[in-house]
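Okay, structure first, notes after.
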Ligand SMILES: NC(=O)c1ccc[n+]([C@@H]2O[C@H](COP(=O)([O-])OP(=O)(O)OC[C@H]3O[C@@H](n4cnc5c(N)ncnc54)[C@H](OP(=O)(O)O)[C@@H]3O)[C@@H](O)[C@H]2O)c1
C-alpha cells in the first residue's frame, strides 16, 4: 500500500484526505502545528497513521519532515496542504507576513525537501509531489493580495521543480490542485463566499486527481469555467472588477 505524507493534516482538506487514505489501508504520515487534532486523526487508524508536529515556518521543519518519512518507512506521495490566508483589504502587516512565511517560505522549503528526498533515494517507482494551491493563483486578487500572490508563487514553484526534475532526471510527478472556495476553517469569518463547496464534495475529487497523477486539477467544473474566463481578462479590465469577499 502507498506511503503518503500530508503536511497540513490537522484540519480541512488535508485532514479529510489523511482519514480517507488511512481508511483504505495507506500508511499516512501527518503533520501540522497542533498536536491534538493530529492525535485525533491518528486515533482513528492507529496502525496506519504516524503523526509529527511540524511548523513549516520553523527552522527545524525540514528535519522533522524527514523524521516523519522515516516513521512511515518511505514516501510514495507527498501532499502539501498546509496553508493560511485572509481576506485583507487593509493590507495588515502581520497578516501579510504570516501568509508569506507559511505559503511561500514554508511551502518552498517543504516542497524542495520532498524533491531532494526523491532525488536522493534510489526509488524504483516514481515519486509524486502534490500541492493544494488555489484558483486564487490565477490572478492578483485585490482583497486577498498576499494570498493570491502566494498561490501564484506555489504554482510557479511546482512548474520550476518539474523542469528541474527533467534536467536532473529525477523520477517524480507533479500535481497542482486548484480548488475554488471550500468550507473549511481557512474561510472562517462569516462572509458569504460564492460557489462554496464542502470538504465532503471536494476531497474525493482531489484524492482521485492525485492518484491519477493529474498535472493540474481545478475543483470543481464551475471553478474551472470561472478560472478559464479569468485567464482571458486583460489586466486593464481586471483592475476594474470588484471582487468583494
Ligand atoms: N478553503 C478554501 O476555500 C481553499 C481554497 C483553495 C485552496 N485552499 C488551500 O487548501 C489548503 C488547505 O486549506 P484548508 O482549506 O483545508 O484550511 P484549514 O482547514 O485551515 O487547513 C490548513 C492546514 O494548514 C496547517 N498549517 C497552517 N499553518 C501551518 C504552519 N505554519 N505549519 C504547519 N502547518 C500549518 C493547519 O494546521 P495547524 O493550524 O495545526 O498548523 C491546517 O492543518 C491551503 O493551502 C489553502 O490555501 C483552500
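Numbering (my numbering), first residue to last: 209 to 453. Here a beta-carbon is modelled for each residue, glycine too, at the ideal position from N, C-alpha and C. Please read these numbers as outputs of a predicted model, since none were measured by experiment.
- CA-CA distance, residue 283 to residue 271, rounds to 15 Å.
- Rounded to whole angstroms, residue 306 and residue 317 show a C-alpha spacing of 15 Å.
- For residue 354, no beta strand (DSSP E) run applies; the uninterrupted alpha helix (DSSP H) run containing it begins and ends at 353 to 376, by DSSP.
- Taken from the Cβ of residue 340, at least one heavy atom of ligand 1 lies inside 7 Å.
- Within the same chain, and ignoring the five residues on either side of residue 241 in sequence, the residues whose Cβ sits closer than 8 Å to its Cβ are 218, 261, 262, 263.
- By the Cβ neighbour-count rule, residue 232 is exposed, with fewer than 16 other Cβ atoms within 10 Å of its own.
- For residue 319, there is no enclosing beta strand (DSSP E); the residue is part of the alpha helix (DSSP H) that begins and ends at 315 to 328.
- In this structure, the alpha-carbon of residue 385 lies about 10 Å from that of residue 415.
- Residue nearest to residue 293 within the set 214, 368, 359 is 359 (criterion: CA-CA distance).
- Here residue 403 is exposed, its C-beta having fewer than 16 other C-beta atoms within 10 Å.
- The beta carbon of residue 226 sits closer than 6 Å to the beta carbons of 214, 217, 236, 238, 249 from its chain, once the five residues preceding and following it are set aside; these are given in chain order.
- One thing to note: residue 378 has its Cβ within 8 Å of the Cβ of residue 326.
- Placement of the Cβ of residue 346 at a distance of 7 Å or more from every heavy atom of ligand 1 is found.
- Residue 269 sits in a helix when the DSSP states are folded into three classes.
- By the Cβ-count criterion, residue 251 is exposed, with fewer than 16 other Cβ atoms from all chains shown falling within 10 Å of its own Cβ.
- The alpha helix (DSSP H) runs of length 4 or more contained entirely in the segment 397 to 421 are, from start to end of the chain, 407 to 419.
- DSSP assignment within the segment 221 to 262 yields the following whole beta strand (DSSP E) runs of 3 residues or more, N-terminal first: 235 to 240, 257 to 261.
- Taking a 10 Å sphere around the C-beta of residue 336, we find 16 or more other C-beta atoms and assign the residue as buried.
- Rounded to whole angstroms, the Cβ separation of residue 435 and residue 362 is 15 Å, and the two are not in contact under 8 Å.
- When DSSP states are grouped into helix, strand and coil, residue 264 belongs to the coil group.
- Residue state for residue 334 is assigned as coil, using DSSP reduced to three classes.
- Looking at the backbone, the Cα of residue 315 and that of residue 444 are separated by about 31 Å.
- Beta-bridge partners assigned by DSSP to residue 425: 385.
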